[in-house]
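See below for the structure under consideration.
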Amino acid sequence: MKEYKADKIRNVAIAGHSSSGKTSLAEAMLFRAGATDRLGKTADGNTVCDFDPEEVRRKVTISSTVAPLEWKDTKINLIDTPGLFDFAAGVSEGVRAAESVLIVVSAKSGVEVGTEKAYKIAGQMGKSKLFYINQMDAENADFYKVLDQLKEVFGSHVCPMVVPYVENHKVNCYIDLVADRAFAYAADGNKTNVDVPAAAADTVSAMKDALYEAIAEADEELMEKFFSGEAFTEEEISRGLLLGVKSGAIAPVFCGSALTTEAINPLLNAIVGFLPSAADNAGEAALQDGKEVEIACSADAPLAAFVFKTVADPFVGKLSFVKVISGTLTASISPVNARTGAPERLGKLLVVKGKKQDETSGIGAGDIGAITKLSEAVTGDTLCDPKRVVAFKPISFPIPTLTMAITLGGKGDEGKIASSLARLQEEDPAIRYENNVETKQQTISGLGEQHLDVIASKLKSKFGIDISLMKPRVPYRETIRKKVKVQGRHKKQSGGHGQFGDVWIEFEPCDDEGLVFEEKVFGGSVPRNFFPAVEKGLQESVKRGVVAGYPVVGLKATLVDGSYHPVDSSEMAFKTAASLAYKAGLPQANPVILEPIGNLKVQVPAANMGDINSELSKRRGRMLGMNPAEDGLQEIEAEVPMSEMYDFSTALRSISQGRGSFTLTFERYEQLPKEKEAAVIEEAKALREED
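End of the sequence shown = 690 in numbering that gives the first Met the number 0, gap-free, step of one.
Here's what the structure looks like:
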């Protein structure tokens, strides 16, 4: 593929709800443009974009994929992104690298949650938007119903550019409102130009008037011409569309079928003609010496490239996908990594199309490519000219909401699991890994059950590590509720020097998170040099409570009296005596189990609030309040036991159809209800036996 200047490059992310046909649309565009010689199908596992073994097996997209094509002397970098919410990190990557977002909508299902999410992230990142109503060949396809939904949900700036004329529930022909012509497709896929059906004249006229009004609003000169009743020239229409789409005043709508490739050409023409080029929209704000500067997309400027995706392969090595914002990236230079401040040694430069990789001499401003074997660079890093070190804003990835514990299946995997998950985290920043010392479990967190299942599959296939997932343990605590005074006496005679330690200790509750030790010994009944041994014996003892064996908190221990032997007393004897006092005293001090309580903030549509409140009640949640949130959502704030929340993300997604989100942060410990104690004690006993 030849090199293109920024004004001849279009970077387009394809997004939308799962099963709307995003990957099929990318495949149809590649095929129609001659970038592939056959039309792959998701069901057959032979598409360009879904090539990962997990994607082929599951028949869904799980990561973003770049696939360039050439159309009318323009390079279009398609970035196919996942539709399933569990793999939303791929959407963040893909949209960040694009100037425009092509939102695919099913002509059967209409506007769904994934449609809304794609539109929202495009708006948040300031990207141009266009819609493609796919699956027009399917039964029950209804373009005009879906168009009305788009306008209702997103606003009147949604403007159809290509509309179908339907007879007997089948598309008779497509009408291009901008070119003012119609075309039909034969069974073999060949296109023929036809007359605009007379029955469609009124509908077409009304839609063209609405389109021209939207075009006029993009430019004052065109607005004057529109109100004077003058017709727009073809050049004026193109200029108005480009301005309107770039500013967000117009969101064009196209339609067709990815499976049959019907009406794909008008979409490709629109991408070239109406979407902003990399030269127009690939510039970004960056930080330079602590100040924000604007980096224009110019081939003549110093190099600045953004790493938007990383692929970690144990055999091939690391592959870093970059978008060059300014300058030209060549293998002969050593750019500085703005995060580390150190130069990066570049491997090969590649043009990537799915799994196919072709070496290239350089990647120009506005273009997308990949670099092999970058040692330090990770997703979100900026590679730049040493003379102008700038850092672009990192990608905002979704926060993991589902945590599961790992059980290793093979011997020797303990040493490999951390490094292998670190490699997968480079690939997918929405993964979290933790080795919890307290619960003695390794945990992974992700965006949902399918996300964690894919992580487990990749650990097996890429690194040979077999894991199973289970509910993580809860880090309970124990404390006491009343004050007691007890004796701990240790006396042992075994020939020669014996062991003798005798202490009286008062145990009482306090607000401290650990053990508070004090001494109020009078008359030297316990020598001062044994005080540290008493405290040490207690510090070791509080690691294990007397109810279920969990660490004890909020405990104040005061050494008030005791006795010693001038020969047989030792530090070890007093340490043991303190431990005996602890074991004798805590059962008398009304010991209880404490559970962690979290502060929960849930954002959901108003229609789901009743169901969410009911769900939280089942999980022993306490409501704190409700407030309006962004995008018309409502925020519910509550305090909930952390032990009840490990699968809340799954329940929330089911209740809100994926519209809801939440944050959960640890707040404090509270006493576990008595009716729950027996189960926790039994669980702790089983874990001790297992360990």
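C-beta atoms are modelled at their ideal positions from N, C-alpha and C, and glycine is treated no differently.
What is the DSSP secondary structure of Ser18, counted as helix, strand or coil?
-> Assignment of Ser18 by DSSP, reduced to helix, strand and coil, places it in the coil class.
Of all the beta strand (DSSP E) runs that stay within the bounds of the segment 382–407, which reach a length of 3 or more residues?
-> Within the segment 382–407, the complete beta strand (DSSP E) runs of at least 3 residues are 401–407.
What's the call for His16, buried or exposed, on a 16-neighbour Cβ count within 10 Å?
-> Result: buried.
Residues of its chain near Phe225, where Cβ-Cβ distance is below 7 Å and the 5 sequence neighbours each way are ignored = So the qualifying residues of the chain are Tyr211, Glu212 and Ala215.
Quick one: is Val168 buried, meaning 16 or more other Cβ sit within 10 Å of its Cβ, or exposed?
-> Just to set this straight, residue 168 is His in the shown sequence, not Val. Result: exposed.
DSSP three-state assignment for Val533, whether helix, strand or coil = Here Val533 sits in helix by DSSP.
Range of the contiguous alpha helix (DSSP H) that encloses Gly93 = Run containing Gly93: Ala88 to Ala96, per the alpha helix (DSSP H) assignment.
Along the chain, where does the alpha helix (DSSP H) that runs through Asp452 open and close?
-> Glu448 to Phe462 is the extent of the alpha helix (DSSP H) around Asp452.
Classification of Pro385 by the beta-carbon crowding that lies within 10 angstroms, buried from 16 upward = Around the beta carbon of Pro385, fewer than 16 other beta carbons lie within 10 angstroms, which makes this residue exposed.
The segment 45–62 touching the segment 286–304, judged by at least three CB pairs closer than 8 Å | The segment 45–62 and the segment 286–304 do not touch, with fewer than 3 CB-CB distances between them shorter than 8 Å.
Buried or exposed (CB count within 10 angstroms, at least 16 for buried), Gly188 | Exposed, by the Cβ-count rule.
So the beta strand (DSSP E) Phe506 belongs to, where does it begin and stop?
-> Residues Gln498 to Pro508.
By Cβ distance below 7 Å, which residues in the same chain neighbour Leu537 in space, the five residues on each side in sequence not counted?
-> Answer for Leu537: Leu514, Phe516, Ala556, Ala577 and Tyr581, listed in chain order.
Between which two residues does the beta strand (DSSP E) containing Leu579 stretch?
-> For Leu579, there is no enclosing beta strand (DSSP E); the residue is found in the alpha helix (DSSP H) stretching over Glu570 to Gly584.
Where does the unbroken beta strand (DSSP E) through Thr662 begin, and where does it stop?
-> Here the beta strand (DSSP E) through Thr662 covers Ser660 to Gln670.
Exposure of Asp6, with buried meaning 16 or more beta-carbon neighbours within 10 Å | So Asp6 ends up on the exposed side.
Which word fits Met469, buried or exposed, when buried means at least 16 other C-beta atoms lie within 10 angstroms of its C-beta?
-> Looking at its Cβ environment, which holds fewer than 16 other Cβ atoms inside 10 Å, Met469 is exposed.
Could you check what DSSP says for Val485 in three-state terms: helix, strand or coil?
-> The three-state reading of DSSP puts Val485 in strand, counting E and B together.
Same chain only: Cβ atoms within 8 Å of Lys119, ignoring 5 sequence neighbours per side = The answer, listed in chain order, is Asp630.
Run of the beta strand (DSSP E) containing Glu638, from where it starts to where it stops | Bounds of the beta strand (DSSP E) holding Glu638 are Gln633 to Pro640.
Report the residue from Ile592, Gln440 and Pro508 whose alpha carbon sits nearest the alpha carbon of Arg476.
-> Looking at the Cα atoms, Ile592 is the closest of the given residues.
Contact between the segment 57–68 and the segment 78–91: three or more CB pairs below 8 Å?
-> Taking 8 Å as the limit for Cβ pairs, the verdict is that the segment 78–91 does touch the segment 57–68.
Run the CB neighbour count on Val436, radius 10 Å, all protein chains shown included, and call it buried at 16 or more, exposed below.
-> Within 10 angstroms of the beta-carbon of Val436 lie fewer than 16 other beta-carbons, which makes it exposed.
Grab the span of the alpha helix (DSSP H) containing Lys116 for me, first residue to last.
-> Per DSSP, Lys116 belongs to the alpha helix (DSSP H) from Val112 to Gln123.
Could you tell me how far apart the beta carbons of Asn280 and Glu98 are, in whole angstroms, since I believe they sit closer than 8 Å?
-> Contact between Asn280 and Glu98 holds, since their C-beta atoms are separated by about 4 Å, short of 8 Å.
Below 8 Å, can you find three or more Cβ-Cβ pairs linking the segment 374–389 to the segment 322–338?
-> Short answer: they touch.
Below 8 Å between beta carbons: does that hold for Glu261 and Met135?
-> Taking 8 Å as the Cβ cut-off, Glu261 and Met135 qualify as a contacting pair.
Which partner residues of Phe320 appear in the DSSP bridge assignment?
-> According to DSSP, Phe320 bridges with Lys308 and Ala369.
Would DSSP call Gly609 helix, strand or coil?
-> Gly609 sits in a helix when the DSSP states are folded into three classes.
Check whether the segment 652–659 touches the segment 599–611, taking contact to mean three or more Cβ pairs, one atom from each stretch, closer than 8 Å.
-> Using a Cβ-Cβ distance cut-off of 8 Å, the segment 652–659 and the segment 599–611 are in contact, since at least three pairs of beta carbons, one from each stretch, lie closer than that value.
Helix, strand or coil: how does DSSP classify Met625 here?
-> Met625: strand per DSSP, three-state reduction.
Where do the ends of the alpha helix (DSSP H) carrying Ser331 lie?
-> It is not in any alpha helix (DSSP H) - Ser331 carries neither H nor E in the DSSP assignment.
Going by CA-CA distance only, name the one from Val601, Leu615 and Leu68 that's closest to Ile635.
-> Cα-wise, what sits closest to Ile635 is Val601.
Measure the C-alpha to C-alpha separation of Asn10 and Ser419 and round it to an integer number of angstroms.
-> Computed Cα separation, rounded: 32 Å.
Classification of Glu293 by the beta-carbon crowding that lies within 10 angstroms, buried from 16 upward | By the neighbour-count rule (16 or more Cβ atoms within 10 Å), Glu293 is not buried but exposed.
For the alpha helix (DSSP H) containing Lys169, list its first residue and its last residue.
-> Taken as a continuous stretch (DSSP letters only), Lys169 belongs to no alpha helix (DSSP H), being part of the beta strand (DSSP E) at Lys169 to Asp175.
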